[in-house]
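*Asks:* Pasting a structure below so you can have a look.
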Amino acid sequence: MATTTQESGSRWRPAIPLWALASGRAFMALLDGLGLGIVTGILSALTRTGMTIDRVVAFAIVAAVIREVLDATASRLIMRAKRSQDPEGAILAVISLICPALAGFAAAKLLASTSILTLTLVTWIFYMVIIITLEKPWDTTLNHEEMMRRTRQVRLMTREHFAEEIQDGRLSFQEVDDEGYYIDEDGNRIEEDD
């Protein structure tokens, strides 16, 4: 699906205001920082690197904030360069692969200079799992315009709509008889095996 772009004559404005972007990224930094803190704390305990809980928490928060700032800045710059509401694509995917390593390195250099390589790798691997499973910055199938259209789409569920969704396989109901037992397409009761 193509990205949503504006005409070159008009001034480009992002659909998501800066305050919403900052608050969303701050929330994500808290969640990611919590996960990274747990992983880093477990690693520190297992390898006996000597990181106190204060250092682990500080490292996780700093790394998460740096990663979110770098990623948000890259996304906004890509959107501005493309004059689009959709930053997803190859450029953002490459940047998303690099940002966690930079964040881990900077946070480790600042807070735990004896474990720079280990903490950089832990941060990078942690964020790779998140990026590959959740974020998917290379996926351009759902652009901003389509997402907004889907959120605004409201329709009455008439008998025809239900029939259409059941026929398409989006909804499936199994028939029951008067006593509440499932029945097959011939009307025969289906016995449940316990």
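Mapping of the sequence shown onto my numbering: position 44 corresponds to residue 44, and the numbering continues sequentially without gaps.
The C-beta atom is built at its ideal place from N, Cα and C for all residues, glycine as well.
Going residue by residue through the stretch 46-120, where are the continuous beta strand (DSSP E) segments of at least 3 residues, counting only ones entirely within it?
*Replies:* Those beta strand (DSSP E) runs which fall completely within the stretch 46-120 and span 3+ residues do not exist here.
*Asks:* Can you name the start and end residues of the alpha helix (DSSP H) that residue 16 belongs to?
*Replies:* Residue 16 -> no alpha helix (DSSP H), and no H or E assigned at all.
*Asks:* Would you call residue 48 buried or exposed, if buried means 16 or more other Cβ atoms sit within 10 Å of its Cβ?
*Replies:* exposed
*Asks:* Taking just the CA atoms, how far does residue 64 sit from residue 23?
*Replies:* 14 Å
*Asks:* For residue 181, which residues from the same chain have a beta carbon less than 6 Å from its beta carbon, with the 5 sequence-adjacent residues on both sides left out?
*Replies:* 189
*Asks:* Do you know offhand how far residue 2's Cα is from residue 46's?
*Replies:* Summary for residue 2: the model assigns pLDDT 48, below 50, so the residue's position carries little reliability, and this model does not support an answer.
*Asks:* Taking 7 Å as the limit between beta carbons, can you name the residues of its chain near residue 56, skipping five residues before and five after?
*Replies:* 37, 40, 41, 44
*Asks:* Just how far apart, CA to CA, sit residue 184 and residue 79?
*Replies:* 53 Å
*Asks:* Nearest to residue 59 by CA position, among 81, 102, 110, is which residue?
*Replies:* The option with the nearest alpha carbon to residue 59 is 110.
*Asks:* Assuming residue 165 is part of the alpha helix (DSSP H), what are its boundary residues?
*Replies:* 159-168
*Asks:* Excluding sequence positions up to five away, which residues of its chain have a Cβ less than 7 Å from the Cβ of residue 187?
*Replies:* none
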